[in-house]
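Asker: Going left to right, the sequence shown walks through residues 633 to 968 as this note's numbering numbers them.
Even glycine gets a Cβ: it sits at the ideal position worked out from N, Cα and C.
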Amino acid sequence: ISATTDLWSVDQTKASFMGITAHWIESPMKIPTSWSLVSEVIAFRAISGSHTGANLGRYFLFCITADNTSNNDTTCNEIENILNRKHIYSFDSNAHHLPCLAHVVNLAITDFMSVVTHITSVETTSAIWEFDPSLPRNRILDGSLDVVSAVQTLAVKIQASGQRIAYFERLQAECSIAIPLSIPLHSNVHWGTANGMLGRAYRLRQPINLFINSADELFGLITTIRRAGLPAKQIPWTTFSFKASDWERVNDIHTIIADANNIQQYFSHELQPTLWRAIPTFEELQTGWETKRDSPRYMLYKNAIDRGLSKIGKYYSKFDEKPAYILALGMFILLV
Numbered sequence: 633i634s635a636t637t638d639l640w641s642v643d644q645t646k647a648s649f650m651g652i653t654a655h656w657i658e659s660p661m662k663i664p665t666s667w668s669l670v671s672e673v674i675a676f677r678a679i680s681g682s683h684t685g686a687n688l689g690r691y692f693l694f695c696i697t698a699d700n701t702s703n704n705d706t707t708c709n710e711i712e713n714i715l716n717r718k719h720i721y722s723f724d725s726n727a728h729h730l731p732c733l734a735h736v737v738n739l740a741i742t743d744f745m746s747v748v749t750h751i752t753s754v755e756t757t758s759a760i761w762e763f764d765p766s767l768p769r770n771r772i773l774d775g776s777l778d779v780v781s782a783v784q785t786l787a788v789k790i791q792a793s794g795q796r797i798a799y800f801e802r803l804q805a806e807c808s809i810a811i812p813l814s815i816p817l818h819s820n821v822h823w824g825t826a827n828g829m830l831g832r833a834y835r836l837r838q839p840i841n842l843f844i845n846s847a848d849e850l851f852g853l854i855t856t857i858r859r860a861g862l863p864a865k866q867i868p869w870t871t872f873s874f875k876a877s878d879w880e881r882v883n884d885i886h887t888i889i890a891d892a893n894n895i896q897q898y899f900s901h902e903l904q905p906t907l908w909r910a911i912p913t914f915e916e917l918q919t920g921w922e923t924k925r926d927s928p929r930y931m932l933y934k935n936a937i938d939r940g941l942s943k944i945g946k947y948y949s950k951f952d953e954k955p956a957y958i959l960a961l962g963m964f965i966l967l968v
């Protein structure tokens, strides 16, 4: 029996909870070769005290899949110590602790994004609502517009009122988009949303450009930034005007992280085994990103791609220490 676990905190009360899901394979006695993957929640309880590995280990007693924070390593060490004191020696805290592979891919995306945008890890209201693309500190990649931050700001501002949404939908109709679309907002805690936001924005680039060009007259300024001790700064919508080259960078960044997003989806199944995919899909992602890194088209993103590859390589290099990956791949090959 394998287990997955994660912690969750209530936004309002900050109360912490641990959820544990058990996973196993069932096969009917009459048809032993007919396997089905079963998942059941076996525990969901409040956690008191700190989130140290030793404390979490007290709550969680073959393989544990968890995200990649360091306290999960300590948790597994504590579980091994507890079992050893009970003379149970079948649990190896290194070999039996498997990182959440979707989380690993997300970490690689985050490292890539940290080079191509300034607000990859910021979600505060002021960071979005007070973004000023005209400031030198908000330029990136050799002085280029931070298109990710700009798109994120526009996604919020354009969809901030019913009037703006209605006007944006009218512009889409004028651009032959029969069914109006919205721009999904990127969230650091919802994996894959940066990919969705940039892909949708690029598809809607024509109505977005039309909106920016006419919004100052229709709706007034996009924002007024007020900071203590400084005069108020008025930011017109046209400050966010995109050139054709800016939209190409939106598409480039979307294309690069789409490679990782596709791999991430491979590990998002609950009722189908996915562990066998680990080695081939990580190699697929590394090959895809290395090809883009060495392509003249993506030269601007070389350092960013290298940052993401470094994160993937860090975890891929540990696959040899965990027999489960090879065993899962071998079993899959034998059964297909």
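1. Got a sec? Which residues, its chain only, sit under 7 Å from C807 by beta carbon, not counting five neighbours each side?
2. Which same chain residues, not among the five before or five after P868, have their C-beta less than 7 Å away from its C-beta?
3. So which of P768, I811, P912, S781 has the shortest CA-CA distance to W879?
4. Note down the Cα distance separating V783 from H901, rounded to an integer number of angstroms.
5. At what residues does the alpha helix (DSSP H) containing S877 begin and finish?
6. So, with DSSP's three-state summary, where would you put Q866?
7. Taking the DSSP output, what are the residues bridged to H822?
8. Apart from the five residues just before and just after D891, which ones in its own chain have a Cβ nearer than 7 Å to its Cβ?
9. Could you check where the alpha helix (DSSP H) with M1009 kicks off and where it finishes?
10. Less than 7 Å between C-beta atoms, sequence neighbours within five positions excluded: which residues of the same chain meet that for Y898?
11. In the DSSP assignment, find the unbroken beta strand (DSSP E) run with S668 in it and report its ends.
12. In the structure shown, what three-state DSSP assignment does A860 receive?
13. Could you tell me the alpha carbon to alpha carbon distance between S666 and E710, rounded to whole angstroms?
14. Take L669 and list the residues in its own chain whose beta-carbon comes closer than 7 Å to its own, dropping the five residues that flank it on each side.
15. From R939 to V748, what distance separates their C-alpha atoms?
16. By DSSP, does L773 sit in helix, in strand, or in coil?
17. For S819, which of P812, P664, A860, M829 has the nearest alpha-carbon?
18. If the criterion is Cβ atoms closer than 8 Å, does the pair I679 and I889 meet it?
19. Return the CA-CA distance between I772 and S766, expressed in angstroms with no decimal places.
20. Output the boundary residues of the alpha helix (DSSP H) element that contains L961.
21. Are Y957 and I911 close, meaning C-beta to C-beta below 8 Å?
22. Taking Cβ to Cβ, would you say Q804 is nearer than 8 Å to L850?
23. Report the three-state DSSP secondary structure of I720 (helix, strand or coil).
24. Verify whether the separation of the beta carbon atoms of F723 and L715 is less than 8 Å.
25. Contact defined as beta carbons within less than 8 Å: I believe W823 pairs with N738. What is the distance between those atoms, to the nearest angstrom?
26. In this structure, how does DSSP classify I944 when only helix, strand and coil are distinguished?
27. With DSSP run on the structure shown, which of helix, strand or coil describes A798?
Answerer: To lay it out plainly:
1. Working through the sequence shown from its first residue, we reach residue 807 at position 175. Excluding sequence neighbours, C807 sits near Q838, P839.
2. By one-based count along the sequence shown, residue 868 stands at place 236. D848, L853, I854.
3. Residue 879 sits at position 247 when you count from the first residue of the sequence shown. With distances taken between Cα atoms, W879 lies closest to S781.
4. If you number the sequence shown from 1, residue 783 lands on position 151. If you number the sequence shown from 1, residue 901 lands on position 269. Approximately 30 Å between the Cα atoms of the pair.
5. Here residue 877 corresponds to residue number 245 of the sequence shown, with the count starting at 1. 876-898 is the extent of the alpha helix (DSSP H) around S877.
6. Start at 1 with the first residue of the sequence shown, and residue 866 comes out as number 234. Of the three classes helix, strand and coil, the one that applies to Q866 here is strand, per DSSP.
7. Your numbering for residue 822 matches position 190 in the sequence shown. For H822, which the question treats as bridged, DSSP gives the partners S819.
8. If you number the sequence shown from 1, residue 891 lands on position 259. Around D891: L917, G920, W921.
9. This structure does not reach residue 1009, given that the chain is present from 633 up to 968, and the question cannot be answered.
10. As a first step, residue 898 is located in the sequence shown; it is residue number 266 there, counting from the start. Within the same chain, Y898 has close Cβ partners T906, R909, T913.
11. In the sequence shown, the residue the question calls residue 668 occupies position 36. Here the beta strand (DSSP E) through S668 covers 668-679.
12. As a working note, residue 860 is residue 228 in the sequence shown. In this structure, A860 counts as coil in the three-state DSSP scheme.
13. Locating residue 666 in the sequence shown gives position 34, where the first residue counts as 1. Locating residue 710 in the sequence shown gives position 78, where the first residue counts as 1. Taking the straight line joining both Cα atoms gives about 36 Å.
14. By 1-based counting over the sequence shown, the position of residue 669 is 37. Contacts found: H655, I657, L903, Q904, P905.
15. Along the sequence shown, one-based indexing puts residue 939 at 307. Along the sequence shown, one-based indexing puts residue 748 at 116. Their Cα atoms are separated by approximately 11 Å.
16. Within the sequence shown, residue 773 is the residue found at index 141, counting from 1. Coil at L773, not helix or strand.
17. Within the sequence shown, numbered from 1, the residue matching residue 819 stands at position 187. Ranking the options by Cα distance to S819, first place goes to M829.
18. In the sequence shown, residue 679 corresponds to position 47, counting from 1. In the sequence shown, residue 889 corresponds to position 257, counting from 1. Taking 8 Å as the Cβ cut-off, I679 and I889 do not qualify as a contacting pair.
19. For the purposes of this step, residue 772 is taken as residue 140 along the sequence shown, with counting starting at 1. For the purposes of this step, residue 766 is taken as residue 134 along the sequence shown, with counting starting at 1. Roughly 12 Å between the two C-alpha positions.
20. In the sequence shown, the residue the question calls residue 961 occupies position 329. From DSSP, the alpha helix (DSSP H) with L961 extends over 955-967.
21. In the sequence shown, residue 957 corresponds to position 325, counting from 1. In the sequence shown, residue 911 corresponds to position 279, counting from 1. It is a contact, given that the beta carbons lie within the stated cut-off.
22. Working through the sequence shown from its first residue, we reach residue 804 at position 172. Working through the sequence shown from its first residue, we reach residue 850 at position 218. Result no, Cβ atoms of Q804 and L850 do not sit closer than 8 Å.
23. Residue mapping note: residue 720 aligns to position 88 of the sequence shown, counting from 1. Coil, per DSSP.
24. The sequence position of residue 723 within the sequence shown is 91, counting from 1. The sequence position of residue 715 within the sequence shown is 83, counting from 1. Yes. Within cutoff.
25. Within the sequence shown, residue 823 is the residue found at index 191, counting from 1. Within the sequence shown, residue 738 is the residue found at index 106, counting from 1. Right, their Cβ atoms sit about 5 Å apart.
26. Taking the sequence shown and counting its residues from 1, the one referred to as residue 944 is at position 312. In the structure shown, I944 sits in a helix (DSSP, three-state: H, G or I).
27. Here residue 798 refers to the residue found at position 166 of the sequence shown. DSSP places A798 in helix when its eight states are reduced to three.
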